[in-house]
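Undergrad: Please read through the structure below; I'll follow up with questions.
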Amino acid sequence: MPYPARSRTTGYFSSGYFPPGVKWLLIVNIALFVLYFVAVRFEFGLVFQHFALVPGAVVHLLAFWQLVTYMFLHDPNGFSHILFNLLTLWMFGADLERDWGTRRFLRYYFLCGIGAGVCVVVANWLAGNLGARTIGSSGAIYGLLLAFGMLYPDRVVLFSFLF
10 MPYPARSRTT GYFSSGYFPP GVKWLLIVNI ALFVLYFVAV RFEFGLVFQH
60 FALVPGAVVH LLAFWQLVTY MFLHDPNGFS HILFNLLTLW MFGADLERDW
110 GTRRFLRYYF LCGIGAGVCV VVANWLAGNL GARTIGSSGA IYGLLLAFGM
160 LYPDRVVLFS FLF
C-alpha cells in the first residue's frame with residue numbers, strides 16, 4: 010500500500026501554521042529588514058534608496074521595479090511597523106493561502122501591493138509631491154484584510170494579542 014504524499018515532519022514551519030507562500034514572505038521580509046537595519050547602522054543605507062517607492066523615479070525614470078521592491082523594505086528605526094505587518098500576514102494570510110492555494114494567494118498579495126504602489130504614485134503626482142518615499146507592505150496587508158473580511162464575515166478575531 011503506497012504511503013500518502015503528506016509531509017511527516019512536525020513543527021511550526023512544516024505544519025499548517027505557515028503555508029509556503031506566507032512562510033517565504035515572512036522570511037524575505039525579516040531578512041531584508043535585518044539587512045537594511047545593519048546597512049543603516051554602518052552607513053550603507055544609501056544602497057537601499059533605489060528600492061523604496063519614489064513617485065518621481067517611477068514617472069520620470071521609469072523605475073517600475075520600485076512598485077514591487079518597496080513592499081519588502083520597512084523602517085529600520087522602528088520595529089512595530091514590520092512586527093504588525095508580519096503578524097497580520099500570518100494571522101490572515103495563512104487561512105487565505107490554505108483556501109486559495111499558494112499561487113493564487115501570492116498573485117493576490119502582489120496585485121494588492123502593486124496596486125497600492127500605483128495609488129501612491131498617482132496621489133503624489135496629483136499633489137505635486139514626487140519626492141516622497143514610501144516603504145512597507147501595508148498596502149498588500151490591507152488587501153489581505155479585505156479578502157479575509159469578505160470570505161470569512163462571521164469569523165471572530167480578538168485583538169490585544171488575545172488570539
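If you're matching positions, the sequence shown starts at 10 in the numbering used here and goes up one per residue. Glycine residues also receive a C-beta, built at the ideal position from the N, C-alpha and C atoms. Bear in mind the structure is a predicted one, so any value in this text is a computation, not a measurement.
1) My assumption, with CB atoms under 8 Å, is that L189 sits in contact with L76. Please give the rounded CB distance.
2) For P85, I'd like the list of residues in its chain whose CB is within less than 6 Å of its CB, leaving aside the five on either flank, ordered along the chain.
3) For T143, which residues in the same chain have their Cβ closer than 7 Å to its Cβ, ignoring the five residues on either side in sequence?
4) Does the structure place the segment 83-103 close enough to the segment 120-136 that three or more beta carbon pairs sit under 8 Å?
5) Out of V68, I91, R116, F168, point me to the one whose CA is closest to F30's CA.
6) Any idea if H83 is buried or exposed, counting beta-carbon neighbours within 10 angstroms, 16 or more meaning buried?
7) Mind reading off the beta-carbon distance from F101 to L167? Whole number of angstroms is fine, and I expect it under 8 Å.
8) Could you have a look at L62 and say whether DSSP puts it in helix, strand or coil?
9) Please state if the CB of P28 and the CB of R107 are separated by a distance shorter than 7 Å.
10) Going straight from the alpha carbon of L135 to that of S147, what length do you get?
TA: By the coordinates alone:
1) In the structure displayed, the chain extends from 10 to 172; residue 189 sits before or after that span and is not available.
2) Looking up residue 85 in the sequence shown gives position 76. Y45, F46, V49, listed in sequence order.
3) Within the sequence shown, numbered from 1, the residue matching residue 143 stands at position 134. Excluding positions up to five away in sequence, the list reads A61, L62, Y79, V129.
4) no
5) Start at 1 with the first residue of the sequence shown, and residue 30 comes out as number 21. Reading off the sequence, residue 30 comes out as Gly, not Phe. Nearest C-alpha to G30: R116.
6) Taking the sequence shown and counting its residues from 1, one reaches residue 83 at position 74. So H83 ends up on the buried side.
7) By 1-based counting over the sequence shown, the position of residue 101 is 92. By 1-based counting over the sequence shown, the position of residue 167 is 158. Contact flag wrong, Cβ pair sits at about 13 Å.
8) Position 53 of the sequence shown holds residue 62. Residue state, collapsed to three classes: strand.
9) Taking the first residue of the sequence shown as 1, we reach residue 107 at position 98. Taking the first residue of the sequence shown as 1, we reach residue 28 at position 19. Yes, Cβ-Cβ distance for R107 and P28 is below 7 Å.
10) Counting from one through the sequence shown, the residue named residue 135 turns up at place 126. Counting from one through the sequence shown, the residue named residue 147 turns up at place 138. Rounded to whole angstroms, L135 to S147 spans 21 Å at the Cα level.
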